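What follows is a set of notes on a single structure, which appears directly below.
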Amino acid sequence: MKVLTISYQLGSGEQELGRMIADRLGWALIDDQLIHWIAQDIGVKARDISRLDEKAPRFMTRLRSPVLAQLYVSHLKEAILSRVVSQNMVVLGRQTALVLRDEIPGWHVRLVAPLEHRVNRMSQAMDLDPDQIMEYMIEMEQHQQAFLSYFFGLDRATPDMYDLTINTSRTSLEVLAELLVAVVDHNFSRYYGASGQGNVVTVSRQVGGGESVFARALGEKLDIPVYDKRDIERSAIRQALPVGRRKGAGPKQSHVRGKDGFDQYLEMMDKVVRELGEKGDGVIVGRVANRILAKHPTAYHVRLVSEPSERIKEIMKAHWAKGIGSGRPLTGGDADHSAMTRLMSKSDWNDPFNFDMVVNTSSPDKPMADVVALAAFLRWTRGE
């Protein structure tokens, strides 16, 4: 049997999207029912479990019922595993991706959206004051963070914990439901080449996120060319723009022939990326293209992440760095990318709200290029 877990920031459209997906697939939608399963399996009342639901146990609860607090997570897994044998499930919330990702073949998705968007969505749906909604959301997010810290030892939810992190403020829930149903069914036959349409995909990435292979595969599926750093700099040379960044140099070490050094390099990248955006029909890798083309009407913005162990493997394959055991190639390269983003757009490189989708490339058996190709195609053909 199969499972799709949906983690979410409150107000990201989780209930509506979960219901649409479950209805279309004919799967069970599991939400509060999970609380009753856990209570039944442990032999306690549901209200006792609900006090722990996506919250860290309070101090007195930890003193009075320490065993119950620990049983919650272990039985969270068992409650699903014992029942998924008889039915496919869409499971909402409770960080079930962390509990199940090594147990059951499936997809693990996180929904995010800017706070203002989520407040507006919930205030309209519930006809409540936006200030009250915002206060409630902030409180719930604090509870969820405490839950992650207490039960999983994690500071925060990060994209490499999930297969896909989707910004629901940038695509309609109807389109996302169509996408995720196709992903779960492994049915990617509904997209076609996108050449001649003027559309663009930007691909940002962590160092070692598999960007080269991913971008080539994506370009082939959409039938559009791929532009990486080398292509952009060649284009700049043809236009007699200043080029000459030293190989491997970070922003503080960069050098460009001509006046003002690195500032000219930034101007060159900005100009060429904008021209590629105007030309359309291309996959643009890196170069802060997602921020440069943030207002492009049809650009689809993707970020690639991967688990550290997988990133190191990719770097080793590319024969890129020395001192691999220290992890410096990861942190150093990521720091350069982060600094570049701040210089060019004054935004946070890690902010998922700057992208339509964040893709975890750690699982080689999951066709992520197909997923992004279909996501982009649906956006372009549905116009939302």
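Take the sequence shown: its position 87, counted from the start at 1, is 92 in this note's numbering, and no numbers get skipped.
Using N, Cα and C, we set each Cβ at its ideal position, and we do this for glycine too.
These numbers come from a predicted model, not from an experiment.
A check of alpha carbon separations from K284 across T303, Q14, G291 and L169 identifies T303 as the nearest.
DSSP places A33 in the strand class (E or B) of the three-state scheme. The Cβ-Cβ distance between R210 and L309 falls below 8 Å. In this structure D37 is exposed. Its beta-carbon is surrounded by fewer than 16 other beta-carbon atoms within 10 angstroms.
Assigned with DSSP and collapsed to three states, N172 falls in strand. L97 and I35 do touch by the CB rule: their CB atoms are close to 7 Å apart, below 8 Å.
As computed with DSSP, V205 is found in a beta bridge with G287 and A304. Residue environment: N295 is assigned as buried (16 or more neighbouring CB atoms within 10 Å of its CB, all protein chains considered). In the three-state scheme derived from DSSP, where H, G and I count as helix and E and B as strand, H191 is classed as coil. Taking every protein chain shown into account, the CB of N192 has fewer than 16 other CB atoms within 10 angstroms, so this residue is exposed. Taking 8 Å as the cut-off, the Cβ atoms of V186 and L30 count as close. Residue burial annotation: L133 is exposed, with fewer than 16 other C-beta atoms found within 10 angstroms of its C-beta.
Selection R123, Q149, H148 and Q150 evaluated against Q137 yields R123 as nearest (Cα-Cα). Inter-segment contact for the segment 8–21 and the segment 108–117 is present: three or more beta-carbon pairs are separated by less than 8 Å. In this structure, K82 lies away from V49, with their beta-carbon atoms at least 8 Å apart. The residue from T176, D165 and P230 with its alpha-carbon nearest to that of T366 is D165. The beta carbons of L178 and Q100 sit no closer together than 8 Å. Rounded to whole angstroms, Q45 and A84 show a C-alpha spacing of 9 Å. Between V277 and I237, the alpha-carbon positions lie close to 6 Å from each other.
One alpha carbon belongs to H80, the other to D190, and they sit about 28 Å apart. Unbroken alpha helix (DSSP H) stretches of 4 residues or longer found wholly inside the segment 134–158: 135–157, given in chain order.
One alpha carbon belongs to A374, the other to R126, and they sit about 31 Å apart.
Counting C-beta atoms within 10 angstroms of its own C-beta, A130 has fewer than 16 neighbours from the protein chains shown and is therefore classed as exposed. With respect to the 8 Å criterion, D286 and G203 are classified as neighbours on the basis of their beta carbons.
Taken atom to atom, the span from the alpha-carbon of E183 to that of D28 is near 12 Å.
Between V208 and V363, the beta carbon gap of about 11 Å keeps them out of contact (Cβ cut-off 8 Å). Cβ neighbours of I43 within its own chain (closer than 7 Å, five residues either side excluded): I54, Y77, H80, L81 and A84.
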